[in-house]
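Below is one structure, written out as structure tokens; the observations come after it.
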RNA sequence: GCGGACGUGGCGUAAUGGUAGCCGCGCUGGCCUUAGGAGCCAGUGGUUUCGGCCGUGUGGGUUCGAGUCCCACCGUCCGCACCA
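In the working numbering, the protein residues as written are 153 to 1091.
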């Protein structure tokens, strides 16, 4: 019987769908396992072969766990909001919802074709009002909470208000944008607007005038992870710094918990390091410097407290609030011009020019350790958003300060014994401190003779004790800007009451995205939602007015921003647990059962975006008591990108003649990308190529060995390179099972690798071989004969290997193990072997396995079979025990391969004198020998 | 600059510190076929006087034994980057 994969795959896919084979319910009698793929953004291009890599791997794991008896939650959905659909809408006037739904339908079709075991009854779409209701709900909760730095959790903002009413900011333990100081009286005297503005300093979701990444090309602000080297990640448009009033999430408050959580989860160390880098914890000290002739103090942050004796200047960031205060009248013009100049530059320009510019303010700071006066400058190399936006310049031990000092002629004073600072600074935190204080100088603090690390600690202690400053931990991670001036996203559940941002009552949710007639900003520069004629004024406002029982003549404007892409993807894994619940994001019961994602699969590109935001979002929900697990994703695997393998033809310049790759060096040629569908194993289908374009219809070819061989290169998979491999075609030619098996066989799952169809025949051949075992001609050939020892050994070796490999996500070696097993079994058609083998194959190639399972006489799905039990007894190596003694002293039992004679062993051991010497007098438990050498001696 | 990962045949890759190159592709030879982009069998790191010898980026080290562990260097890739 021929292996008719098309018929088999169609048959079972229909059956699984009809019978809802992969539906899952909470079942307390079974252990749960939650296996999740990062849900895709449904782009217009459909899936290419790179997408399913992770889906197939997780599908294998999910099916394996199910066979092991786990209740497996394995859902799929769509991250449906996004820029491409909106840009398409702007171009064509087509509603983004329409294109998005079409793309989703296409994705679904492609996903179904691969035979993935999702429970589609749990599908979620982020653009679905029933879904984003809970995104808006979480936002309201964040607005109504602050982060208590002592309790290390979010608490109701009402608690904080109570504190302010009684004590002012005295004793307040709340993560805030700025340090504020006021008394209870001052607070109580504030009007509603002032109170609202003040509370924004602590709310977890807050609106504030901050420096944001403004991208004129996209017409919206962006979060830090959406900007790379001064360009927008999407589109590559320049991004500039602007002060704007925008919503933000206080993710910085969760910095330490984000770091601590990393210790408890099973992610790769490189991904953890990437997140640690992004969070950027650094321990140091804040030190206060008095300003000469004034009553104020300026605070700087440093990790090198040991270098206080080498300070020769101070630098402020151009955006620092101190700049205005400290600039003396005679420097005003110069400073103003400098600040204006810096403002004009884009982020990219500021970073790319490594020149150290700056101007003096005319003020001086007094070094609290030495009494020395040092000039205060403004320079763009200091960033406003980090630390206090002011630094102490220590040229000898900081390379940036060094360059600045060289340029402007500041003193460079080495503080480390033997450090040569004549050419460059010595930044390393090592060596013995000297000149601290320098000879003849008096100071209460003396660091001389200490190591740098000791000196840092001593200075920190000193600073804290004397009240000159405090020990301080700084994080680089910034709060996430949360509003976007776009159409296709979640609307904010916010309206403005006398200019005060106010949350829509929860019972009014969801605030649905309104229809607009155009997707561009309004003529007055409002975001696209400003074009909506209906929602703000009628429906929603009526709802709000009714619910808040305010004078219904009043009309409140709604917030016209939408939420960023990461909003909808931050808690979707919780929603899958209970996707149709209209009363809660997730029921207590469902959350208690499913808890968290056991295995999460997705691309590394989300390392500092989604994987940070959803961890913060989850922690917030934990603080609220809605979620229970501090870390949402226990084990995470990043599948590597699949690159394209482009093919070229070589046109002889100025002709329409094409030269085969092996001969191209003999001509002056120009390589041209050719559609890879015309190429098989690098051999060009000349007829297809000629029909591709009129330009090629009368092309001439110079062949080698009668064939036209194409050149190739590994490039990103993209339409313009003509190298996109569509899984549909592979499924059509080889079947879904071959596609699945081949994608796993390609190499380690985490690794980036080019898609290369060269080996696909190999795995297809394997499936045909397996199929052939079931058949003798057109009749079933399965027999009931007992298996031999050798066959059982092969079987159990395979059971062991496949189980281990799936657990370790080493899918490529698992595929090899199947091939080895089949090679060893030859034409074994015994039920006792084929049946367990079929179960082992099920996670990898479910269609053919299901068919084989039924051919073996079963009537229920193979998904409900049990994973074969490993019987170690069959795995024992063939060996004989042989007592051997040397010189009457060393005596041991040897475990030898049966093929080896006693004489050979003695020869081998005796030849190795050093080994013998070591063994003398010792008691040896076991010596393992392979022909020619000792491989293991156990004493 | 800081942090991390990696370097093995013609190619993708495999090796709990224990016979390096499993499995697949490709290639060579044979069988079978009207035919082969089908199937089956055998071979396939280099070198060799057929005993061996040499081989995992380079150079050292630890070990009875190193692709694997340690040190230095070279190279490739990734993340962060005027973060004080």
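Just so it is clear, CB atoms sit at the ideal spot from N, CA and C, and this is done for glycine as well.
Open item on the list: Less than 7 angstroms between the C-beta atoms of residue 947 and residue 991, yes or no?
Closed with: no
Open item on the list: I'd like to know whether the C-beta atoms of residue 797 and residue 906 end up nearer to each other than 7 angstroms.
Closed with: yes
Open item on the list: With distance defined between alpha-carbon atoms, name the residue in 341, 320, 342, 550 nearest to residue 332.
Closed with: 320
Open item on the list: I'd like to confirm the pairing. Which residues does DSSP put opposite residue 393 in its beta bridges?
Closed with: 365
- [ ] Give the straight-line distance between the Cα atoms of residue 1046 and residue 922, rounded to the nearest whole angstrom.
- [x] Unreliable positioning characterises residue 1046 in this predicted model, as indicated by a pLDDT of 47, which lies under 50. The coordinate reading is nonetheless provided below. Taking the straight line joining both Cα atoms gives about 40 angstroms.
TODO: Measuring alpha carbon to alpha carbon, tell me which of 312, 337, 901, 339 ends up nearest residue 328.
DONE: Closest by alpha carbon: 312.
Open item on the list: Considering only the alpha carbon of each residue, which of 156, 180, 165, 153 lies closest to residue 746?
Closed with: 180
Open item on the list: Pairs of beta-carbons, one from the stretch 871–884 and one from the stretch 761–780, closer than 8 angstroms: are there three or more?
Closed with: no
Open item on the list: With distance defined between alpha-carbon atoms, name the residue in 665, 775, 719 nearest to residue 710.
Closed with: Of 665, 775, 719, the smallest CA-CA separation from residue 710 is found for 665.
- [ ] Confirm, please, whether the CB-CB distance from residue 431 to residue 629 is below 7 angstroms.
- [x] Result yes, Cβ atoms of residue 629 and residue 431 sit closer than 7 angstroms.
Open item on the list: For a quick check, are the C-beta atoms of residue 467 and residue 543 less than 7 angstroms apart?
Closed with: yes
Task: 7 angstroms CB neighbourhood of residue 252 in its chain, flanking five on each side removed - done: So the list reads 194, 232, 237, 279, once near-sequence residues are dropped.
Open item on the list: Is it buried or exposed, residue 1032, if we count other Cβ atoms within 10 angstroms and call 16 or more buried?
Closed with: Because the pLDDT of residue 1032 is 45, which lies under 50, any placement of that residue in the model is unreliable, and the number read from its coordinates should be weighed accordingly. Counting Cβ neighbours within 10 Å, residue 1032 comes out exposed, since fewer than 16 surround it.
Open item on the list: Counting beta carbon pairs with one atom in the stretch 374–393 and one in the stretch 604–622, are three or more of them shorter than 8 angstroms?
Closed with: No: the two stretches stay apart, fewer than three of their Cβ pairs being nearer than 8 angstroms.
Task: Within 7 angstroms, strictly: CB atoms of residue 472 and residue 536 - done: yes
Open item on the list: Taking the alpha carbon of residue 367 as the reference point, which residue from 748, 508, 636 has its own alpha carbon closest?
Closed with: Looking at the Cα atoms, 636 is the closest of the given residues.
Task: Cβ neighbour criterion (16 or more within 10 Å) applied to residue 572 - done: Residue 572 is exposed by the Cβ-count criterion.
- [ ] Decide if residue 874 is buried, meaning its Cβ has at least 16 other Cβ atoms within 10 Å, or exposed.
- [x] buried
- [ ] With a cut-off of 8 angstroms on the beta carbons, I'd call residue 517 and residue 450 a contact; round off their distance for me.
- [x] A Cβ-Cβ separation of about 6 angstroms places residue 517 in contact with residue 450 under the 8 angstroms criterion.
- [ ] Between the Cα of residue 262 and those of 712, 216, 165, spot the shortest distance and give me the residue it belongs to.
- [x] 165
Open item on the list: So the candidates are 159, 407, 653; which of them puts its Cα closest to the Cα of residue 346?
Closed with: Selected option, being the one with the closest Cα: 653.
TODO: Could you name the residues of the same chain whose beta carbon sits closer than 8 angstroms to that of residue 734, not counting the 5 residues immediately before and after it, in chain order?
DONE: 282
Open item on the list: Using the three-state DSSP reduction, which class does residue 160 fall into: helix, strand or coil?
Closed with: helix
Open item on the list: What would DSSP say about residue 803, mapped onto helix, strand or coil?
Closed with: strand
TODO: Rank 270, 414, 289, 1008 by C-alpha distance to the C-alpha of residue 783 and give the top, closest one.
DONE: 414
- [ ] Kindly indicate which residue of 597, 512, 729, 842 has the alpha-carbon position closest to the one of residue 226.
- [x] 729
Task: residue 884 to residue 387 span [Cα, whole Å] - done: 34 angstroms
Task: According to DSSP, residues forming a beta bridge with residue 404 - done: Answer is none; residue 404 lacks a bridge partner.
- [ ] Counting only the same chain and skipping the five closest in sequence on each side, list residues whose C-beta sits under 6 angstroms from that of residue 739.
- [x] 730, 733
Open item on the list: Tell me which residue opens and which closes the beta strand (DSSP E) that residue 964 is part of.
Closed with: Premise fails: residue 964 lies in the alpha helix (DSSP H), 963–977, not in any beta strand (DSSP E).
Open item on the list: Does the stretch 551–567 come into contact with the stretch 508–517, if we say contact requires no fewer than three beta-carbon pairs (one atom in each stretch) closer than 8 angstroms?
Closed with: yes
Open item on the list: Can you tell me where the alpha helix (DSSP H) holding residue 210 begins and where it ends?
Closed with: 204–219
Task: Residue from 1020, 153, 288 with nearest C-alpha to residue 644 - done: 288
- [ ] For residue 1094, count neighbouring Cβ atoms within 10 angstroms of its own Cβ and tell me buried if that reaches 16, exposed if not.
- [x] Look at the range of the chain in this structure, 153 to 1091, and you will see that residue 1094 is not part of it.
Open item on the list: Whole angstroms are fine: how far does the CA of residue 1027 sit from the CA of residue 954?
Closed with: 14 angstroms
- [ ] Could you tell me the distance, in whole angstroms, from the CA atom of residue 235 to the CA atom of residue 640?
- [x] 7 angstroms
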